[in-house]
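Undergrad: Structure incoming, see below.
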Ligand code: NAP
């Protein structure tokens, strides 16, 4: 039997608690050995450190880290982790800029450690079946609607409104991580309209028109002000019918008929991510797909910025 990979979790916020700790505890591949937290939070009596340098200076033996901080502060933490020879799991988005993630990937290659730019939405249960169904279709039109209530899903997360925090592209990049996985051809930003509250640095809503390499129109509607039912839908019109991926990639319908997934496919996003992280560590490779981040960067590059009503949480 292979020994579990000794893992430290860095940044003990919402996603660390909601998803990472349960997925680590439920699986056999990883053993939590420490946490790193500015507010000094221990888990299950394990050692904790205020920053990654203190962890590196300690005698705790670590093989890998999962970085769950906001993107703006992730690069330097990841750099320290990789320099220490630790396999590194980056929460999404993998960084605040493209260049820093490329540099981390190169550093990981140089140091012989595995870097994982995780995209949790790709592990939703209906994403791979949607990709398979679309593989040989003629795709005519794609509509992405990703509207959620920021007050419900991101309470008190000031970093999301700051430069490098992505605003509504924090969830929007999840939609793009699915779209870049299921659509057979690449696509490019043509126009983008970004609505930025007058007291924030990041958009609260955005409308983006992309064009696929074969001319397919792809539109994306993002909004952080959605109350009531939430929308995390991708609709793909093809020569053989209309595919809809709903609920963030977990429900698939073709022409309105739900395609139920076999029980073994119902593994959950974060258990799937940790399985993948273990697999790339054991294979001695990295998994860094930048395509969702590249599209977001392009939307900011090509986007028209509109000042809208201030956001008061
Ligand atoms: P969060 O609740 O704000 O937690 C982030 C944690 O990072 C903080 O609790 C803090 O923990 C640490 N941190 C270190 N430096 C920080 C700084 N300068 N400013 C703020 N926090 C800092 O955020 P989150 O929702 O967990 O999101 C973290 C990352 O996970 C983001 O990239 C996000 O896109 C991604 N993610 C979030 C969700 C979700 O549903 N919330 C889902 C999937 C992915 P300490 O005080 O312990 O240092």
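Numbering (UniProt numbering), first residue to last: 1 to 313.
Every residue, glycine too, gets a C-beta built ideally from N, C-alpha and C.
All figures in this text were calculated on a predicted structure; none of them were measured in a lab.
1) By Cβ distance below 7 Å, which residues in the same chain neighbour residue 145 in space, the five residues on each side in sequence not counted?
2) Is the segment 188-206 touching the segment 296-307, taking contact as three or more C-beta pairs under 8 Å?
3) With a threshold of 6 Å, establish whether the CB of residue 256 neighbours any heavy atom of ligand 1.
4) For residue 7 and residue 139, I'd like the C-alpha separation in whole angstroms.
5) Contact between the segment 275-287 and the segment 162-177: three or more CB pairs below 8 Å?
6) Within the chosen definition, does the segment 235-244 reach the segment 104-123 through at least 3 CB pairs nearer than 8 Å?
7) Give the secondary structure of residue 159 by DSSP, where H, G and I count as helix, E and B as strand, and everything else as coil.
8) Use the C-beta contact count for residue 113: other C-beta atoms within 10 angstroms, 16 or more gives buried, fewer gives exposed.
9) How many Å lie between residue 70 and residue 305 at the Cα?
10) Taking only heavy atoms of ligand 1 into account, decide whether any of them is closer than 6 Å to the Cβ of residue 170.
11) How about residue 37: is its Cβ closer than 6 Å to a heavy atom in ligand 1?
12) Straight-line CA distance for residue 104 to residue 258?
13) So what does DSSP say about residue 70, is it helix, strand or coil?
14) Using the three-state DSSP reduction, which class does residue 313 fall into: helix, strand or coil?
15) Run through DSSP, which three-state label would residue 303 get?
16) Tell me whether the beta-carbon of residue 286 lies closer than 7 Å to the beta-carbon of residue 108.
17) Following the continuous beta strand (DSSP E) through residue 260, name the residue where it begins and the one where it ends.
TA: Taking the definition as stated:
1) Residue 145 sits at position 145 when you count from the first residue of the chain shown. Excluding residues within five positions, the ones whose Cβ falls inside 7 Å are 221, 231, 233.
2) yes
3) Stepping through the chain shown from its first residue, residue 256 is reached at position 256. Every heavy atom of ligand 1 is 6 Å or more from the Cβ of residue 256, so no.
4) In the chain shown, counting from the first residue as 1, residue 7 sits at position 7. In the chain shown, counting from the first residue as 1, residue 139 sits at position 139. Using only the alpha carbons, I get a separation of about 42 Å.
5) no
6) Contact between the segment 235-244 and the segment 104-123 is absent, because fewer than three Cβ pairs lie under 8 Å.
7) In the chain shown, the residue the question calls residue 159 occupies position 159. DSSP places residue 159 within a helical segment (H, G or I) once states are collapsed to three.
8) Here residue 113 refers to the residue found at position 113 when the chain shown is read from its first residue. The residue is buried, with at least 16 neighbouring Cβ atoms inside 10 Å.
9) Position 70 of the chain shown, counted from the first residue, corresponds to residue 70. Position 305 of the chain shown, counted from the first residue, corresponds to residue 305. When rounded, the distance between both Cα atoms is 23 Å.
10) Reading the chain shown from its first residue, position 170 is the one you call residue 170. Distances between the C-beta of residue 170 and the heavy atoms of ligand 1 include at least one below 6 Å.
11) In the chain shown, counting from the first residue as 1, residue 37 sits at position 37. Residue 37: yes, Cβ under 6 Å from ligand 1.
12) Residue 104 sits at position 104 when you count from the first residue of the chain shown. Residue 258 sits at position 258 when you count from the first residue of the chain shown. Roughly 41 Å between the two C-alpha positions.
13) Residue 70 sits at position 70 when you count from the first residue of the chain shown. Coil.
14) The residue given as residue 313 occupies position 313 in the chain shown. Three-state DSSP puts residue 313 in coil, outside helix and strand.
15) Taking the first residue of the chain shown as position 1, residue 303 is located at position 303. In this structure, residue 303 counts as strand in the three-state DSSP scheme.
16) Position 286 of the chain shown, counted from the start, is the residue given in the question as residue 286. Position 108 of the chain shown, counted from the start, is the residue given in the question as residue 108. Yes, they are a contact pair.
17) Position 260 of the chain shown holds residue 260. Neither: residue 260 is in no beta strand (DSSP E) and is coded neither H nor E.
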